[in-house]
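If you read the protein sequences in the order shown, they are chains L and C. Using the numbering used here, read the first sequence as starting at 185 and increasing by one per residue. Using the numbering used here, read the second sequence as starting at 185 and increasing by one per residue. All residues carry an ideal CB built from backbone N, CA and C; glycine is no exception. To start, the structure itself, in structure tokens.
Number of protein chains: 2
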Amino acid sequence: MIRYKAIISYDGTDFSGFQRQPRQRTVQEELEKTLQRLNSGQAVVVHGAGRTDAGVHAYGQVVHFDLPQARDLEKLRFGLDTQTPDDIDVISVQEVSEAFHARYNKHYKTYEFLVDIGRPKNPLLRHYATHFPYPLTLALMEEALPDLLGTHDFTGFTAAGSSVINKVRTIKAAELRFDKDKNLLVFTFSGDGFLYKQVRNMVGTLLKIGTGRMPVSQIKTVLETKDRTLAGPTAAGNGLYLKEIIYEE
Amino acid sequence: MIRYKAIISYDGTDFSGFQRQPRQRTVQEELEKTLQRLNSGQAVVVHGAGRTDAGVHAYGQVVHFDLPQARDLEKLRFGLDTQTPDDIDVISVQEVSEAFHARYNKHYKTYEFLVDIGRPKNPLLRHYATHFPYPLTLALMEEALPDLLGTHDFTGFTAAGSSVINKVRTIKAAELRFDKDKNLLVFTFSGDGFLYKQVRNMVGTLLKIGTGRMPVSQIKTVLETKDRTLAGPTAAGNGLYLKEIIYEE
């Protein structure tokens, strides 16, 4: 068997997420269906690095899969790219050793979250940014953002009942910029792993801090108390983008 | 009757265009349905400044309509905005004199055209930019672009069989920029009026010049000969945006 690593992008709008689910349209299933066709009808299992939710987009999702023989890489990329639906695109395909695992090999993920603060909203971005038409003070969010940096127990920013036991993660970058032309806030987070809905809960909390309805210290409070009820609401999936995954050698 | 001018934006993806057509989903019909509801069931006719085609987007379409009584402007805007489908947004509503006509009053229109030159395409832009994955030389297009400026008979850039007799128009701005981050070419055109499919034919011609398959002088040739067959192919509607309309006092 030859192991392949592929970098893919997708528009999350018409998917119920990356991970295969019965009777739902998912990215994993579309990839597996196409690979099965390219593999003479033999089933292929696709492993994804990040399990994006319904509506969540990706520019740099990484997957791996095994095929029985070596293939021309560009032909494989082209076949996978053109035969998957047009809301998935395959950016690159490379051969990797059997030691490579898209999910379990150590890596850093970068997520972006887009917030449309225009009034009214931009209808062309309704699937691609979360609309937030309330008055925001950028400085409050910029002040709170660095509290997310470093190694913390992010229990307070993840959904209850998660099967993950160790909730300690490291965030090495947390940034915010304002695109004035497009009335867009762009949050960027990079870290060694993110818990279920963690980015969306962090953004929801930062936005609430930005409206003044939570104090600037709320991030610290949620980290220390590990109390999910003290965090802000979970932001919608349409503004979330899995931008890039970088693997450690 | 009170005349109102509204500026609206819409995602053209799920419309068959702006202008009402039987058995097709159109922006005009959605606006008129909503206005009829807001007008106690009495029909309202909406006049649009530009008749955008199927798939074509707008950030600054202008419409006018008449209502029997004066209304609170923000309430009217809010009602129209929230009760139209979510791929239409109403940016502003103002009262205008009965002399104002969205289409016939002298105005300048600005159009943008977005080309995704990435390989593979960006799936999140598949409805919002025209994919053009062929090698392009920016300098060739930049050289040809100024030939469009000024007052010309644009017969060669419009579809045959148009009912418009006078095809002389003035283009006062024609620009091209490259958004490197997004792999997007952005064409911008401003003028006193554009013929049917004129912008899309100009872009199709410029792209063909950019690939080297038409000479840089082709714009001049098409203008002088008025020969549609010498122009490039009509670019797809998904990359076209009606950006702004400015009326002369």
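Chain L has no Cβ within less than 9 angstroms of the Cβ of Pro317 (chain C). The segment 356-371 of chain L and the segment 320-328 of chain L touch, with no fewer than 3 CB-CB distances between them shorter than 8 angstroms.
Pairing Ile186 (chain C) with Ala254 (chain C) gives a Cβ-Cβ distance under 9 angstroms. Around the CB of Thr266 (chain L), fewer than 16 other CB atoms lie within 10 Å, so the residue is classed as exposed. Contact of Ile429 (chain C) with chain L by beta-carbon distance below 9 angstroms is absent, the smallest such distance being about 17 angstroms.
The criterion of a C-beta distance shorter than 9 angstroms is not satisfied by Lys351 (chain C) and Leu324 (chain C). Looking at the DSSP output, Asp337 (chain C) bridges to C:Val352.
Interface annotation, Asn422 (chain L): not in contact with chain C, CB-CB separation never under 9 angstroms.
Taking the beta carbon of Asp273 (chain C) as reference, the chain L residues within 8 angstroms of it are Pro304, Lys305, Asn306 and Pro307, listed in sequence order.
Contact between Thr218 (chain C) and Leu264 (chain C) is confirmed by a C-beta separation of about 6 angstroms, below the 8 angstroms threshold. Residue-level contact by beta carbon holds for Asp270 (chain L) and chain C, with a gap shorter than 9 angstroms. Counting only runs of 4+ residues, the alpha helix (DSSP H) found wholly inside the segment 370-418 of chain C occupies 382-394 and 402-409, in chain order. For Ser193 (chain L), a Cβ of chain C is located within less than 9 angstroms of the residue's own Cβ. The beta carbon of Met398 (chain L) sits closer than 8 angstroms to the beta carbons of Thr389, Lys392 and Gly416 from its chain, once the five residues preceding and following it are set aside; these are given in chain order. Taking C-beta separations shorter than 8 angstroms and ignoring five residues to either side along the sequence, the partners of Tyr243 (chain C) in its chain run Ser193, Tyr425, Leu426, Lys427 and Glu428, following chain order. A residue is called buried once 16 or more other Cβ atoms fall within 10 Å of its Cβ, and Lys293 (chain L) is buried on that count.
The beta carbons of Leu251 (chain L) and Val230 (chain L) sit no closer together than 9 angstroms.
For Gln205 (chain L), the three-state secondary structure derived from DSSP is coil. Exclusion of the five residues before and after Val348 (chain L) leaves Leu379 as the residues of its chain whose Cβ lies within less than 7 angstroms of its Cβ. The three-state reading of DSSP puts Lys427 (chain C) in strand, counting E and B together. Within 8 angstroms of the CB of Arg310 (chain C), the CB atoms of chain L belong to Asp195, Asp270 and Asp271, in sequence order along the chain. Per DSSP, the beta bridge partners of Arg187 (chain C) are C:Asp250 and C:Val280.
Annotated three-state conformation of Asp331 (chain L) is helix, per DSSP.
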